[in-house]
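A short worksheet on the structure shown next.
Residue numbers (our numbering), protein chains in the order written: chain A, 159 to 502; chain B, 2 to 434.
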């Protein structure tokens, strides 16, 4: 979760640095203007410094909340932090990349399970991001034109996003129970789709359950973002398209999607980071030992550190995930940014 | 204007620094103690109401005020670990007794050497079996027993009487009885289990493992995949494979889910610790409606096997080594483990006293308590008291949980499947996962 925030807020930290580059030029301009101008210049300089001073608390908060914990995490991954060294963890033995070697050694059960968990997480993320984006787009486009009841529908669509995650997921847990859950009542008792009552919380179906619950929880964000993006598309574009006799499908491909590109660029990244890192949904649904089929990285790492007291190893796994997410994010922003420039 | 702006900026800065640096603190002097209690009764609030009058009593006797915080089980270990790393913790705390050796290894808890034992009334006052689960062998313990727990086999008296059956005394009888009591058309099953709980899975793997003669560790070298362990895990998983437990039980994550099946008559038997008594009562099932016998073992016992019906379960009490009021902490531990408090608290919380002397109280001479007491005193063995105990619980427990899920979805779970799963857990334990 730290990584995702740091990602999304990254531009906010770097932005103010740009005007700072111009500073030397301005001070040379003031050089040699005499004493009368000196007072005003001083005041101007103070005014110039003020924005940075005002940003300082934010910078300190950012360092304290995101950057320092991340660096501590990296440092922890190089130490042997177990129950023996936990109490005086700042003086835990330095073991270099041993934790990484263990986590990345695919021949060892630790590495093999991490790889398995990574595969599960990637598949999970792809499905969730794809479905959330499609659902969000479909719903936003369907509600683009005013009609009676549009406001009610918009509110209804946003409900999953507004509910406290824990409460919502616990409700899903009840619904997914094999004997008494609503899902089996509908699928088996009413519709008669299965002869045998399927399991949704253990075994292979647990993965589908996790994907469905995560989509349910996350897609309203895609809906909200795309709805906002649609507001900025000028009606004239649609009018012109209609005059040319464009079908709804052509309007979607020719007008809506190109206009949404900047929105989608950020939206997909945020959805990706959220799904990849989500902890609350799998943990609430399955407890601290998730079924192997639904053993996503966040829970897997939690189990490898907190439950088994090996914090160094857990940190090493987290750092590996951080590097992967960083790589994906940078490549994605670079590739999608290039495409946007090409298009314009 | 400028100075007020600067002041505002500085104020904002201090605010931020203040926020980031808080979390330290925690008052303690010679007249106050902070006590972290684990959740023992039906709710955190019920625990507070039971404990507070006793803390007031302690304050009257000693003038030491105790700040109580009752902590739910899912949070307790994380809170203790956070306190361990930061050095900012309570003065006295409760721990699950299976964590004793792991927490002992951190050095965060006060060692009970002879001098410390003298201040709390001596090592000899405690039940010998409960003392087993206070730390690694050969080292001074870092916790002492507080509440005793043990497993028992709960059986529904009415269902048994209607079928003309007696509670089982061997594992074969248990399976046989369970078959007779499984009536899927009535939604009734022979036995209920808590399949998705990895802690339960690890407890039964240990208990049945000891019945089959398994040694989980040779020193610190894991032996999870021995033929004895395979038989032990099979004994548990077969409850689902052979159709005497509802396959849906593989989803049960909490005690209450399994207890509800028992109290509603959907399961004729359950294997639970004695704190289930309070839960069953809250679900409307009175003590007269069920009986408890020790969880039976195979007969004859396999070679090297022992008649183990429970691990030494329970809660220990410990003093935080970083406490600024260690003498007050020891006085409080002495108070909580005194015969009077042991009788009163264990009576209210539905647990077992950990003192030999406390059992002369009539409230502990019911047949129900008698069974649990006998199991705890004579038929229980401590889980391995080694620092890696929690890894064992996680790895074996998760393996058992996965196997139960497989059995529940109709896949065959035979010796080779179990062996492969246990070997993988063993390899992981060995490689330090």
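Just so it is clear, CB atoms sit at the ideal spot from N, CA and C, and this is done for glycine as well.
Quick one: residues in its chain with C-beta nearer than 8 Å to the C-beta of residue i, no 5 flanking neighbours on either side, listed in chain order?
i                      : result
residue 486 of chain A : 430
residue 412 of chain A : 399 and 404
residue 131 of chain B : 98, 146, 149, 313, 315, 355 and 377
Taking only the alpha-carbon atoms, compute the straight-line gap between residue i and residue j and give it to the nearest angstrom.
i                      : j                      : result
residue 354 of chain B : residue 293 of chain B : 18 Å
residue 429 of chain B : residue 456 of chain A : 19 Å
residue 320 of chain A : residue 295 of chain A : 19 Å
residue 122 of chain B : residue 219 of chain A : 51 Å
residue 129 of chain B : residue 378 of chain B : 8 Å
residue 346 of chain A : residue 419 of chain B : 31 Å
residue 375 of chain A : residue 452 of chain A : 17 Å
residue 302 of chain A : residue 74 of chain B  : 49 Å
residue 112 of chain B : residue 246 of chain A : 17 Å
residue 341 of chain A : residue 385 of chain A : 30 Å
residue 311 of chain A : residue 297 of chain B : 59 Å
residue 213 of chain A : residue 202 of chain A : 18 Å
residue 265 of chain B : residue 277 of chain B : 14 Å
residue 505 of chain A : residue 101 of chain B : Absent from the structure is residue 505 of chain A, since the part of chain A shown begins at 159 and ends at 502.
residue 338 of chain A : residue 188 of chain B : 12 Å
residue 236 of chain A : residue 258 of chain A : 8 Å
residue 267 of chain A : residue 383 of chain B : 28 Å
residue 217 of chain B : residue 62 of chain B  : 46 Å
residue 344 of chain B : residue 300 of chain B : 36 Å
residue 460 of chain A : residue 365 of chain A : 18 Å
residue 281 of chain A : residue 306 of chain A : 39 Å
residue 228 of chain B : residue 423 of chain B : 10 Å
residue 200 of chain A : residue 225 of chain A : 34 Å
residue 255 of chain A : residue 271 of chain A : 19 Å
residue 308 of chain B : residue 202 of chain B : 19 Å
residue 244 of chain A : residue 209 of chain A : 42 Å
residue 254 of chain B : residue 341 of chain B : 35 Å
Going along the chain, which residues of its own chain have a beta-carbon closer than 7 Å to the beta-carbon of residue i, five neighbours each way excluded?
i                      : result
residue 261 of chain B : 284
residue 297 of chain A : 315 and 381
residue 25 of chain B  : Any answer about residue 25 of chain B is weak, because its pLDDT of 37 lies below 50 and its placement is not dependable; what the coordinates show is given next. Closer than 7 Å at the Cβ level, and outside the excluded window around residue 25 of chain B, lie 89.
residue 279 of chain A : 434, 454 and 455
residue 286 of chain B : 264
residue 184 of chain A : With a pLDDT of 43 at residue 184 of chain A, under the threshold of 50, the predicted position of this residue should be treated as unreliable, though the coordinate-derived value follows. Nothing listed; no residue qualifies.
residue 363 of chain A : 356 and 357
residue 337 of chain B : 147 and 318
Mind listing the chain A neighbours of residue i? Cutoff is C-beta to C-beta under 7 Å, in chain order.
i                      : result
residue 463 of chain B : Residue 463 of chain B is absent from the structure shown; chain B starts at 2 and stops at 434.
residue 35 of chain B  : The contacting residues do not exist; residue 35 of chain B stays about 18 Å from chain A at best.
residue 199 of chain B : 447
residue 425 of chain B : 267
residue 183 of chain B : Neighbours of residue 183 of chain B on chain A: none; closest Cβ ~15 Å, over 7 Å.
residue 106 of chain B : 241 and 242
residue 327 of chain B : What residue 327 of chain B touches in chain A: nothing, since even the nearest Cβ is about 16 Å away.
residue 103 of chain B : 241 and 467
What does residue i touch in chain B if you count any residue whose Cβ is under 9 Å from its own?
i                      : result
residue 386 of chain A : Ordered by position in chain B, no residue passes the 9 Å Cβ test against residue 386 of chain A, which lies about 31 Å from the chain.
Anything in chain A within Cβ reach of residue i, meaning under 9 Å, just list it in chain order.
i                      : result
residue 251 of chain B : 336, 357, 359, 360 and 361
residue 109 of chain B : 244 and 245
residue 79 of chain B  : 464
Which same chain residues end up closer than 6 Å to residue i when comparing Cβ atoms and leaving out the 5 residues on each side of it in sequence?
i                      : result
residue 238 of chain A : 250, 251, 253 and 470
residue 425 of chain B : none
residue 233 of chain A : none
Cβ closer than 7 Å: which chain B residues qualify as neighbours of residue i?
i                      : result
residue 427 of chain A : Here the premise fails: no neighbours, minimum Cβ distance about 28 Å.
Quick one: list the residues of chain B neighbouring residue i, beta-carbon separation under 8 Å, in chain order.
i                      : result
residue 503 of chain A : Absent from the model: residue 503 of chain A. The displayed extent of chain A is 159 to 502, so no value can be given.
Determine whether the Cβ of residue i lies closer than 8 Å to any Cβ atom of chain D.
i                     : result
residue 73 of chain B : Protein chains A and B are contained in the structure displayed, whereas chain D is not.
Residues of chain A with CB closer than 8 Å to the CB of residue i, please, in chain order.
i                     : result
residue 86 of chain B : 244, 245 and 247
Next on the checklist: Is it the case that the stretch 247–262 of chain B contacts the stretch 404–417 of chain B, given that we only count it when at least three CB pairs across the two stretches are under 8 Å?
Outcome noted: Touching, per the Cβ criterion.
Next on the checklist: Does the stretch 267–281 of chain B come into contact with the stretch 155–162 of chain B, if we say contact requires no fewer than three beta-carbon pairs (one atom in each stretch) closer than 8 Å?
Outcome noted: As far as the Cβ criterion goes, the stretch 267–281 of chain B touches the stretch 155–162 of chain B, which means the pair count is three or higher.
Next on the checklist: Taking beta-carbon pairs under 8 Å, can you tell me which members of the stretch 449–479 of chain A lie near chain B?
Outcome noted: Within the stretch 449–479 of chain A, those residues whose Cβ lies closer than 8 Å to any Cβ of chain B are, in chain order, 449, 450, 461, 462, 464, 465, 466, 467, 468 and 471.
Checklist entry - If we count Cβ pairs, one from each stretch, closer than 8 Å, do we get three or more for the stretch 145–152 of chain B versus the stretch 317–327 of chain B? => result The stretch 145–152 of chain B vs the stretch 317–327 of chain B: in contact.
Next on the checklist: For the pair the stretch 90–100 of chain B and the stretch 31–49 of chain B, tell me if three or more CB-CB distances fall below 8 Å.
Outcome noted: The stretch 90–100 of chain B, when compared against the stretch 31–49 of chain B, does touch it at the 8 Å Cβ threshold.
Item to check | Cβ pair count under 8 Å reaching 3, the stretch 416–423 of chain A against the stretch 379–398 of chain A | outcome: Enough Cβ pairs lie closer than 8 Å, so yes.
Item to check | Chain-ordered residues of the stretch 238–255 of chain A with a beta carbon less than 7 Å from chain B | outcome: Of all residues in the stretch 238–255 of chain A, those with a C-beta nearer than 7 Å to a C-beta of chain B are 241, 242, 244, 245 and 247, reading in chain order.
Next on the checklist: Beta carbons nearer than 8 Å to chain A: which residues of the stretch 238–272 of chain B have them?
Outcome noted: For the stretch 238–272 of chain B, which is checked against every Cβ of chain A, the residues closer than 8 Å are 247, 248, 249, 251, 252 and 254.
Checklist entry - Any chance the stretch 197–209 of chain B sits against the stretch 392–403 of chain B, with 3 or more Cβ pairs inside 8 Å? => result Result yes; three or more Cβ-Cβ pairs closer than 8 Å.
Checklist entry - Do three or more CB pairs link the stretch 357–364 of chain B to the stretch 432–451 of chain A at distances below 8 Å? => result They do not touch, by the three-pair rule.
Next on the checklist: Does the stretch 322–339 of chain A come into contact with the stretch 357–370 of chain A, if we say contact requires no fewer than three beta-carbon pairs (one atom in each stretch) closer than 8 Å?
Outcome noted: Pairwise C-beta distances place the stretch 322–339 of chain A in contact with the stretch 357–370 of chain A, as three or more of them are shorter than 8 Å.
Checklist entry - Which residues, in order along the stretch 387–413 of chain B, keep a beta-carbon less than 9 Å from a beta-carbon of chain A? => result Close to chain A, meaning a Cβ-Cβ distance shorter than 9 Å, are the following residues of the stretch 387–413 of chain B: 388, 389, 391, 392, 394, 395, 396, 398, 399, 402, 403, 405, 406, 407, 409, 410, 411 and 412.
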